[in-house]
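The block underneath contains the structure these notes are about, expressed in structure tokens.
Number of protein chains: 2
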Amino acid sequence: MFETAELGHKLSRREYKQRVPALRTELLEAQRRLLTDASFPTLVIFAGVDGAGKGEIVNLLSGWLDPRWLVTRAYDEPSEEERERPEFWRYWRDLPPKGQIGLFLSSWYSSPVLRRVIDDAPLADFDEQLDRIVAFEQGLADDGALILKFWLHLDKASQKRHFNQLENDPELSWRVTETDWKHWRLYDRFIAAAERTLRKTSTGHAPWKIVEGVDLGYSSTQVGTLISAAIDKHLARTRRRRAVVQAHREADAADLAAAQAAEAAVMQTEDAESDAAEAPPASVGQPTVLSRLDMTRSLGKKAYTQQLNRYQGRLNQLHREARARKLSTLLLFEGWDAAGKGGAIRRVTAALDARSYRVIPIAAPTDEERAQHYLWRFWRHLPRAGRTTIFDRSWYGRVLVERVEGFATEMEWMRAYAEINDFEEQLVEHGCVLLKYWVHITAHEQLERFRLREKTPHKSWKLTDEDWRNRERWDAYEQAVNDMVERTSTRVAPWTLIAGNDKRHGRVAVLKALCERLEAALDQGGKGRKK
Amino acid sequence: MFETAELGHKLSRREYKQRVPALRTELLEAQRRLLTDASFPTLVIFAGVDGAGKGEIVNLLSGWLDPRWLVTRAYDEPSEEERERPEFWRYWRDLPPKGQIGLFLSSWYSSPVLRRVIDDAPLADFDEQLDRIVAFEQGLADDGALILKFWLHLDKASQKRHFNQLENDPELSWRVTETDWKHWRLYDRFIAAAERTLRKTSTGHAPWKIVEGVDLGYSSTQVGTLISAAIDKHLARTRRRRAVVQAHREADAADLAAAQAAEAAVMQTEDAESDAAEAPPASVGQPTVLSRLDMTRSLGKKAYTQQLNRYQGRLNQLHREARARKLSTLLLFEGWDAAGKGGAIRRVTAALDARSYRVIPIAAPTDEERAQHYLWRFWRHLPRAGRTTIFDRSWYGRVLVERVEGFATEMEWMRAYAEINDFEEQLVEHGCVLLKYWVHITAHEQLERFRLREKTPHKSWKLTDEDWRNRERWDAYEQAVNDMVERTSTRVAPWTLIAGNDKRHGRVAVLKALCERLEAALDQGGKGRKK
Chain F
1 MFETAELGHK
11 LSRREYKQRV
21 PALRTELLEA
31 QRRLLTDASF
41 PTLVIFAGVD
51 GAGKGEIVNL
61 LSGWLDPRWL
71 VTRAYDEPSE
81 EERERPEFWR
91 YWRDLPPKGQ
101 IGLFLSSWYS
111 SPVLRRVIDD
121 APLADFDEQL
131 DRIVAFEQGL
141 ADDGALILKF
151 WLHLDKASQK
161 RHFNQLENDP
171 ELSWRVTETD
181 WKHWRLYDRF
191 IAAAERTLRK
201 TSTGHAPWKI
211 VEGVDLGYSS
221 TQVGTLISAA
231 IDKHLARTRR
241 RRAVVQAHRE
251 ADAADLAAAQ
261 AAEAAVMQTE
271 DAESDAAEAP
281 PASVGQPTVL
291 SRLDMTRSLG
301 KKAYTQQLNR
311 YQGRLNQLHR
321 EARARKLSTL
331 LLFEGWDAAG
341 KGGAIRRVTA
351 ALDARSYRVI
361 PIAAPTDEER
371 AQHYLWRFWR
381 HLPRAGRTTI
391 FDRSWYGRVL
401 VERVEGFATE
411 MEWMRAYAEI
421 NDFEEQLVEH
431 GCVLLKYWVH
441 ITAHEQLERF
451 RLREKTPHKS
461 WKLTDEDWRN
471 RERWDAYEQA
481 VNDMVERTST
491 RVAPWTLIAG
501 NDKRHGRVAV
511 LKALCERLEA
521 ALDQGGKGRK
531 K
Chain L
532 MFETAELGHK
542 LSRREYKQRV
552 PALRTELLEA
562 QRRLLTDASF
572 PTLVIFAGVD
582 GAGKGEIVNL
592 LSGWLDPRWL
602 VTRAYDEPSE
612 EERERPEFWR
622 YWRDLPPKGQ
632 IGLFLSSWYS
642 SPVLRRVIDD
652 APLADFDEQL
662 DRIVAFEQGL
672 ADDGALILKF
682 WLHLDKASQK
692 RHFNQLENDP
702 ELSWRVTETD
712 WKHWRLYDRF
722 IAAAERTLRK
732 TSTGHAPWKI
742 VEGVDLGYSS
752 TQVGTLISAA
762 IDKHLARTRR
772 RRAVVQAHRE
782 ADAADLAAAQ
792 AAEAAVMQTE
802 DAESDAAEAP
812 PASVGQPTVL
822 SRLDMTRSLG
832 KKAYTQQLNR
842 YQGRLNQLHR
852 EARARKLSTL
862 LLFEGWDAAG
872 KGGAIRRVTA
882 ALDARSYRVI
892 PIAAPTDEER
902 AQHYLWRFWR
912 HLPRAGRTTI
922 FDRSWYGRVL
932 VERVEGFATE
942 MEWMRAYAEI
952 NDFEEQLVEH
962 GCVLLKYWVH
972 ITAHEQLERF
982 RLREKTPHKS
992 WKLTDEDWRN
1002 RERWDAYEQA
1012 VNDMVERTST
1022 RVAPWTLIAG
1032 NDKRHGRVAV
1042 LKALCERLEA
1052 ALDQGGKGRK
1062 K
């Protein structure tokens, strides 16, 4: 989940200075439009790792925005006044009114996370508090509120480096307290709680956005850009909805034609506006999880044969044991066209007993499947105890091809991350071993392979016009993959990214990851991890 | 919550015979339209008390509907196949396809409720299972599914009577098993679990409807009518949404004018259809919680003075003790215009220390309040520890006046029940004593009082045109009150219905209920009930 925020995103001093003036104008204009419209409040919530710059970002934003229409909040231990009311009283009291922005430097997330990390509160209590938060935010969103949540992340080493740097500076050393070091020692517990928080509270209406906090120039401009884009988009959406409602009302009342003309005019403007708001944020040129894969890895022929044999042998043994102990396994493969998914799958199945696995290729849904919820076709193929199911493409189509090609609406694919996490949690809780592979190749390598396919008669059927079309949208797909890893790579069900430019390396990497996961699950007692 | 289903709803043999032919036609036509549209599945879920006729209703419906487009499901202990997959696998497998209806005689609710009632599963586990259900249903609803949930209810005595009748009939006695009697002995635990289930899983997208199960003629026609109305309404809503989306797409593409004309035409039809679907179901003429209040109760002048003094004295003492023990109290009054809410409130406050209570009259919201979520104005006035706050009208305006007058959309007021239950749960969990009064008078009594106000110079200011307008919508308000009690009268926060035709009786009843609740809370240790 945090892989995407450990890539070293940063802006040079020059880039930052270039970006800020325009960003400030964008923010002020978005704020002005928000105030004029005055139909919903905007809540911007910050959370994350100490030292990742939450406070600094809020300070910068406070300077960039018009302070008259801005409230900034942070919460300490509840006061006597506050303790005498239900816990959420103070948050309700502090909500920004319609048309205004509230920046929450700490929020309703702080105390549940700290209670879990520091006081070791039981998981059930933690979940209950997260449920209450979901209900609270859902209620506000249903009322029209725009809720933006930023999780500022630092990896453990960067956090340590950050504290050390401060301590070594005589003028800044006061900023690092014993509490900071105490929290640092709890880093792993904190990240586990953070992941659960993000997984349970990232809803379609109020999704989290993880932002890397190593470089303030990057994080502040990234957050600022996302805020102004989100405000514009929400304004457009709200206005469009209002126009439709209005037109309905008026149509009901009297002058049908006039109402429709009005609606049409508004919609036309809004559609244009909404498209503008869809423009990608300032992250262009920043690394993604894919760009950081070491694509130079390769394996010589001899080493390949050796390792292939070794891992296939090991897999065969593990697979028998899993079968005997009724441990089921689910593998899914996603990746670029021509990345070598099929070849990798064949190297896996070669090591399995043919009676106990099935490969499910996911293409266009059947009529029967089309008449059901999009997850239905995957539920139906879940493996029985002790069996293995391999999905060649999977439910992630919802947030990849369906997103990029516009087959699913934004609400649909945004919602899908939570639906998928929930689905996978049910699988893993039931004891299934789940492996999710993204097989990656570079755009250049893909082109080579396409050309080779064109030239090779017995492979040319594999190459379709669609492949070329998909290739044109490489950047959009890469963004979608990055978001997918960010939102669905959880401790319960992590992604395994495979560097596939060298097919031999890719195939062995797939087998190796599978063996390791199976071994760990069998060591744990065979029925996978239960919560 | 179940008060509305313990009123003895029934249909005479004649009424039933009269109703059924038309209902069957309605159902078949709704089913046919559903199939033609084929854009969403309909799930009808039955649950409730043993002996309340779930099975009989499903049998009747299966006969009334076209069996080709209907699936009926019930679940026993999971099979080996099913146990080898996550719990929800079997429910996913059985979902009806788009255009079809699934009747679930038992469902994902059965096992969580039974585990809680019979095996005494911990509350946290129960809640977790209910959360999973909410997520499951939400996912289906987001995908467009229509989900109808009927809870068939019998009070404890009726359930016993039902079993006895069967046992005494030699031909039917086999229908009553030792399990039935075992469940009957657990009735109270069952109802507690049922209430929690309904409270946690009654969402805007998939609300429960409680149906009294004493008389199969009533319950089956009621359920049938609600199903056919809901299908028509959902069809209209879906088609309207589709038309809007379609028009947007086309407007984007090319012929703007043609698209708008198409949209307008569809909307006009749909609006009419949707209004038709809003027609009240077959419950006309059936008793409501209000119609069953004993309105003849009265109190003589002397007895009144005596009791008033007694309860006010007792209240004063309890109030001091509550103050000392930091127990806060919240009273809210709802009721018909001229029902005597103000007079009752004054009789309460007369017994309190003026420094420790506040009366908050709820009229039109202020500018500041209007710029916030509708619950914000109530959150801000929550009492501090040891204090009392009295709301003269309250957050229930959302599901009463705003519903009846159309100020809130149906989605908004349907959602409000869950929002309100959640809000009140937070209050009560925090230890606040919450009393909710509905002060009832008959329509005839109201007219008398209006006339008296007209004639009495110092009271005539109290009577406005709005009062007369509200009076015209008596039936709609009575339906709204009935639904409100059904959906928000919980063990955590029950409604107290006051028969107010006799003012003296009403005032004393209000004081008495308050004294009893305060006393119970103080006995329990002062900080109300914690979960």
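From first to last, the protein sequence lines stand for chains F and L.
If you read the first sequence in my numbering, its first letter stands for residue 1, the second for the next number, and so on.
If you read the second sequence in my numbering, its first letter stands for residue 532, the second for the next number, and so on.
Every residue, glycine too, gets a C-beta built ideally from N, C-alpha and C.
| Check | Outcome |
| --- | --- |
| Which residues DSSP lists as bridging residue 865/L, in chain order | 969/L |
| Cutoff 7 Å; reference residue 473/F; Cβ partners in own chain excluding five residues on either side | 404 |
| Interface flag, residue 911/L vs chain F, CB-CB below 9 Å | yes |
| Contact with chain L by residue 384/F, beta-carbon distance below 9 Å | yes |
| CB contact below 9 Å: residue 765/L versus chain F | no |
| Identity of the residue in 952/L, 886/L and 863/L nearest residue 893/L by Cα | 863/L |
| Interface partners of residue 619/L on chain F, CB under 7 Å | 426 |
| Coil, strand or helix - residue 676/L by DSSP | coil |
| Buried/exposed call for residue 350/F, threshold 16 Cβ in 10 Å | exposed |
| At least three beta-carbon pairs within less than 8 Å, the region 1033–1040 of chain L to the region 827–844 of chain L | yes |
| Test: residue 624/L CB closer than 9 Å to a CB of chain F | yes |
| Assigned exposure category for residue 465/F - 16 Cβ within 10 Å defines buried | exposed |
| Burial state of residue 524/L, where buried means 16 or more other Cβ atoms lie within 10 Å | It is not possible to answer for residue 524/L, since the shown part of chain L is limited to 532 through 1062. |
| Proximity test, Cβ basis, 9 Å: residue 44/F and chain L | no |
| Unbroken beta strand (DSSP E) run spanning residue 358/F, endpoints | 357–361 |
| DSSP-derived helix/strand/coil call for residue 163/F | helix |
| Residue burial classification, residue 25/F (beta-carbon count within 10 angstroms, cutoff 16) | exposed |
| Residue-chain proximity (residue 700/L, chain F), Cβ-Cβ < 9 Å | no |
| Per-residue DSSP class, three states only, for residue 266/F | For residue 266/F, the pLDDT reaches just 49, beneath the cut-off of 50, and the residue's location in the model is therefore unreliable, although a value from the coordinates is still provided. DSSP places residue 266/F in helix when its eight states are reduced to three. |
| Bridge-paired residues (DSSP) for residue 576/L | 635/L and 680/L |
| Collapsed DSSP secondary structure at residue 537/F in the structure displayed | Nothing can be reported for residue 537/F: it is not among the residues displayed for chain F, which extend from 1 to 531. |
| Closer than 8 Å at the beta carbon, the chain L residues around residue 140/F | 904 |
| Nearest to residue 491/F (by Cα), restricted to the options 475/F, 517/F and 479/F | 517/F |
| Contact with chain L by residue 131/F, beta-carbon distance below 9 Å | yes |
| Proximal chain L residues relative to residue 98/F, where beta-carbon distance stays under 9 Å | 901, 902 and 903 |
| Whether residue 417/F touches residue 366/F by CB criterion (9 Å) | no |
| Spatial neighbours of residue 972/L in its chain, beta-carbon cut-off 6 Å, leaving aside the 5 residues before and after | 867, 870, 1031 and 1032 |
| Separation of residue 114/F from residue 308/F, as counted between CA atoms | 46 Å |
| Assigned secondary structure, residue 498/F (DSSP; H/G/I helix, E/B strand, else coil) | strand |
| 9 Å Cβ cutoff met for residue 820/L and residue 1028/L | yes |
| Proximity test, Cβ basis, 9 Å: residue 990/L and chain F | no |
| Partners in chain L for residue 108/F, counting only beta-carbon separations shorter than 7 Å | Chain L residues near residue 108/F: none, gap ~12 Å exceeds 7 Å. |
| Residue 210/F vs residue 153/F beta-carbon contact at 9 Å | yes |
| Closer than 9 Å to chain F by CB, residue 857/L | yes |
| Rounded straight-line distance, which links the Cα of residue 140/F to that of residue 460/F | 54 Å |
| Beta-carbon gap between residue 532/F and residue 78/F smaller than 9 Å | Here chain F covers residues 1 to 531 and nothing more, so residue 532/F does not appear. |
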